[in-house]
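Engineer:
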Ligand SMILES: Cc1cc2nc3c(=O)[nH]c(=O)nc-3n(C[C@H](O)[C@H](O)[C@H](O)COP(=O)(O)O)c2cc1C
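In our numbering, the protein residues as written are 32 to 344.
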């Protein structure tokens, strides 16, 4: 989850180390770090983490070492915000349609620029391997660049990158392929999707199943939703994105991460028993970094605690 705690450089700061290490100590199995931009103009907001240059590797390496020492695995979320970048003075997008009054109108990408962006993702993947990450998550959700290509609401192109679903998926396909070429064959690729745009005329979960089935090389799907349009029509309740995760699991045969407002162990357990393979815990882990330890204790599950805390177990 974005920490807004770097600066123009996009480098890892002390905050990132403290924040993520606390979650590792707290018993999180896999930490997927915040949207980390493959391009300075792809940052969601100006103080996001970056991985657009080799200078970013050292700080990210410190971060992965510190997380590993405390018993968790760690993935990086590779991202480009497209038309929703608040850091770019001239944001880019598949089509020149602005998100809202509060955002700049983006410039429509030409094919050479698209190819360059695919390269940015693959270079970022190469750096992620050097920085010691266990997995790569490609951010194709929440109305950011890749999602903008996927959604008919934001992609009005009439070349090979827009139009029907097979064409709208091309950018994601190229990104996954180029990332895969740069990482060990044992390193998983996770793709985070918005299963629904929650908006008339946008993608629904059935479309997203078709999209994912057109992209070879995905190991795990992280199922979220929304973000393409400024207003969306979703009712959020505990576990509200689990049904979409299940539909994607069934429709693609891929393992999925599901969630949405999960704050209790019984709901997380129900989710992995009936809907998905892993659960994501977002805001609850902002409130309470040691939530997994507490949840395990309450459920009488014998989780290994840091030895320093054993007497509190
Ligand atoms: C402060 C904040 C930052 C977030 N940053 C990201 C992000 O960088 N990447 C991402 O995929 N989702 C991000 N999200 C969305 C969460 O990952 C998650 O999908 C959402 O909060 C719903 O899950 P929850 O109900 O467990 O919090 C963010 C959410 C919040 C509240």
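Using N, Cα and C, we set each Cβ at its ideal position, and we do this for glycine too.
Considering Cα atoms alone, identify which of 226, 219, 331 is closest to residue 106.
Structural biologist: 219
Engineer: Is there contact between the region 91-101 and the region 39-54, where contact requires at least three CB pairs shorter than 8 angstroms?
Structural biologist: Yes: at least three Cβ pairs fall under 8 angstroms.
Engineer: At 4 residues or longer, what runs of the alpha helix (DSSP H) sit wholly inside the region 252-310?
Structural biologist: 273-283, 296-305
Engineer: DSSP three-state label for residue 104, please.
Structural biologist: Residue 104: strand per DSSP, three-state reduction.
Engineer: Below 7 angstroms, is the gap between the Cβ of residue 172 and the nearest heavy atom of ligand 1?
Structural biologist: yes
Engineer: Would a C-beta distance cut-off of 8 angstroms place residue 126 and residue 198 closer than the cut-off?
Structural biologist: Taking a C-beta distance under 8 angstroms as the contact criterion, residue 126 and residue 198 do not qualify as a contact pair.
Engineer: Taking residue 255 as the reference, which of 169, 332, 85, 145 has the closest Cα?
Structural biologist: 169
Engineer: Between the Cα of residue 303 and those of 320, 316, 274, spot the shortest distance and give me the residue it belongs to.
Structural biologist: 274
Engineer: Just tell me which of 38, 296, 128 has its CA closest to the CA of residue 184.
Structural biologist: Closest by alpha carbon: 128.
Engineer: Are the CB atoms of residue 192 and residue 242 within a distance shorter than 8 angstroms?
Structural biologist: no
Engineer: Measuring CA to CA, which of 325, 337, 323, 311 is closest to residue 349?
Structural biologist: Residue coverage of the chain in this structure runs from 32 to 344, which leaves residue 349 outside it and unanswerable.
Engineer: Would you decide whether residue 111 is buried or exposed? Buried here means 16 or more other CB atoms lie within 10 Å of its CB.
Structural biologist: Answer is buried; the Cβ neighbour count reaches 16.
Engineer: Alpha carbon to alpha carbon, how far is residue 71 from residue 179?
Structural biologist: 18 angstroms
Engineer: Could you give the residue range of the beta strand (DSSP E) that holds residue 223?
Structural biologist: 220-225
Engineer: Near residue 210, which residues of its chain fall below 7 angstroms by C-beta distance, leaving aside the five closest residues on each side in sequence?
Structural biologist: 152, 153, 156, 167, 169, 220
Engineer: Which one of 320, 277, 227, 266 has the shortest CA to CA distance from residue 260?
Structural biologist: The shortest Cα separation from residue 260 among 320, 277, 227, 266 belongs to 227.
Engineer: With a threshold of 6 angstroms on Cβ separation, who are the neighbours of residue 266 within its own chain once the five nearest residues in sequence on each side are excluded?
Structural biologist: Non-local C-beta neighbours of residue 266 in its own chain, meaning closer than 6 angstroms and more than five positions away in sequence, are absent.
Engineer: Go to residue 216, then tell me how far its alpha helix (DSSP H) extends in each direction, as first and last residue.
Structural biologist: In this chain, residue 216 is not harboured by any alpha helix (DSSP H), its DSSP state being neither H nor E.
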